[in-house]
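Visitor:
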Amino acid sequence: MLSVLPRALMGSRSRACAHIRTIASSSIRRADPWPLPHTPQHIAATQTPEGSAPIPPIVRVNESEEKLRARLVYQSRKRGTLESDLLLSTFARDFLPTMSVSELNEYDKLLDEADWDIYYWATEQRATPERWASTPLLAKLRIHVKNEGKVVRKMPDL
Numbered sequence: 001m002l003s004v005l006p007r008a009l010m011g012s013r014s015r016a017c018a019h020i021r022t023i024a025s026s027s028i029r030r031a032d033p034w035p036l037p038h039t040p041q042h043i044a045a046t047q048t049p050e051g052s053a054p055i056p057p058i059v060r061v062n063e064s065e066e067k068l069r070a071r072l073v074y075q076s077r078k079r080g081t082l083e084s085d086l087l088l089s090t091f092a093r094d095f096l097p098t099m100s101v102s103e104l105n106e107y108d109k110l111l112d113e114a115d116w117d118i119y120y121w122a123t124e125q126r127a128t129p130e131r132w133a134s135t136p137l138l139a140k141l142r143i144h145v146k147n148e149g150k151v152v153r154k155m156p157d158l
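Listed below in structure tokens is the structure:
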């Protein structure tokens with residue numbers, strides 16, 4: 001009789017398990033809230049609409065020359081890509097102290113460009129737009145980037 005009891009319990013237990021419902025209430029086929037980059041879904045969600053005006057750079061009025069130099073040193077160092085950080089921060093360390101105010105303003109406008117654009121223009125990997133092609137500032141940056149003296153460069157201190 002004892003041997004029959006466990007089988008009877010097992011039979012009822014397996015039947016009880018067959019009627020259990022899942023607790024999840026969400027559907028299995030939902031859109032991924034974090035799509036991978038460069039997929040059509042991601043590109044469609046993050047693409048800037050055509051014809052929209054680009055965000056203009058901040059106009060800083062009454063900024064002293066000392067503050068301008070300090071800001072440009074910081075912006076040269078904290079770009080967002082390591083390659084641009086290294087090239088621009090060492091350039092700023094070497095050339096910013098001797099630049100005139102007009103050269104500082106031109107360098108400020110250059111820093112408003114995208115990191116990879118500046119990198120490719122400085123390394124001459126891509127064609128430079130007409131507004132920067134003939135500037136002495138970019139020519140000086142290109143000479144700095146070529147590093148003909150084979151100087152080992154590292155990030156300068158802030």
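Sequential numbering of the sequence shown, starting at 1, is according to UniProt numbering.
Backbone N, C-alpha and C define an ideal beta-carbon position, used for all residues, glycine too.
1. Among Ala70, Thr81 and Thr123, whose alpha-carbon lies nearest the alpha-carbon of Met99?
2. Return the CA-CA distance between residue 160 and Gln47, expressed in angstroms with no decimal places.
3. On the three-state DSSP scale, how would you describe Asn105?
4. Check this for me: beta carbons of Leu104 and Val145, under 7 Å apart or not?
5. Is Leu36 buried or exposed, if buried means 16 or more other CB atoms sit within 10 Å of its CB?
6. Do Thr90 and Asp115 come within 7 Å of each other at the CB atom, strictly closer than that value?
7. Taking the straight line between their C-alpha atoms, what separation do you get for Leu110 and Ile118?
8. Apart from the five residues just before and just after Arg79, which ones in its own chain have a Cβ nearer than 7 Å to its Cβ?
9. Could you tell me the distance, in whole angstroms, from the CA atom of Ala53 to the CA atom of Arg77?
10. What is the DSSP secondary structure of Leu138, reduced to helix, strand or coil?
11. Look at the Cβ atom of Trp132, then the Cβ atom of Leu138, and state whether they are nearer than 7 Å.
12. Out of Thr135, Asp94, Asp108 and Pro129, point me to the one whose CA is closest to Val151's CA.
13. When DSSP labels each residue in this structure, what does His38 get in the three-state scheme?
14. Evaluate Tyr74 with the Cβ neighbour count: other Cβ atoms within 10 Å of its Cβ, from every protein chain shown; 16 or more gives buried, anything less gives exposed.
15. Exposed or buried, what is Trp121 when buried is set at 16 or more other beta-carbons lying within 10 Å of its beta-carbon?
16. Take Glu124 as the anchor and find which of Tyr107, Ile143, Asp108 and Pro136 has the nearest alpha-carbon.
Guide: The relevant details are as follows:
1. Position 99 of the sequence shown, counted from the first residue, corresponds to residue 99. Residue Ala70 is the option with its Cα nearest to Met99.
2. Any answer about residue 160 is impossible in this case: the structure gives the chain only from 1 up to 158.
3. The count along the sequence shown starts at 1 and reaches residue 105 at position 105. Correct three-state label for Asn105: helix.
4. The sequence position of residue 104 within the sequence shown is 104, counting from 1. The sequence position of residue 145 within the sequence shown is 145, counting from 1. No.
5. As a working note, residue 36 is residue 36 in the sequence shown. Result: exposed.
6. Indexing the sequence shown from 1 puts residue 115 at position 115. Indexing the sequence shown from 1 puts residue 90 at position 90. Cβ distance not < 7 Å, so Asp115 and Thr90 don't count as in contact.
7. As a first step, residue 110 is located in the sequence shown; it is residue number 110 there, counting from the start. As a first step, residue 118 is located in the sequence shown; it is residue number 118 there, counting from the start. Here the alpha carbons of Ile118 and Leu110 stand approximately 8 Å from one another.
8. As a working note, residue 79 is residue 79 in the sequence shown. These residues qualify, in order along the chain: Asp85, Leu88 and Asp115.
9. Taking the sequence shown and counting its residues from 1, one reaches residue 53 at position 53. Taking the sequence shown and counting its residues from 1, one reaches residue 77 at position 77. So the alpha carbons of these two residues sit roughly 28 Å apart.
10. Against the sequence shown, residue 138 aligns to sequence position 138. Leu138 falls in the helix class under three-state DSSP.
11. What you label residue 132 is simply residue 132 of the sequence shown in a count that begins at 1. What you label residue 138 is simply residue 138 of the sequence shown in a count that begins at 1. Yes. Within cutoff.
12. On the sequence shown, position 151 is the one that residue 151 refers to. That would be Asp94, whose Cα lies nearest to the Cα of Val151.
13. As a first step, residue 38 is located in the sequence shown; it is residue number 38 there, counting from the start. Assigned with DSSP and collapsed to three states, His38 falls in coil, not helix or strand.
14. Residue mapping note: residue 74 aligns to position 74 of the sequence shown, counting from 1. Per the 10 Å Cβ criterion, exposed.
15. Here residue 121 refers to the residue found at position 121 of the sequence shown. Its Cβ being crowded by 16 or more others within 10 Å, Trp121 is buried.
16. Position 124 of the sequence shown, counted from the start, is the residue given in the question as residue 124. That would be Ile143, whose Cα lies nearest to the Cα of Glu124.
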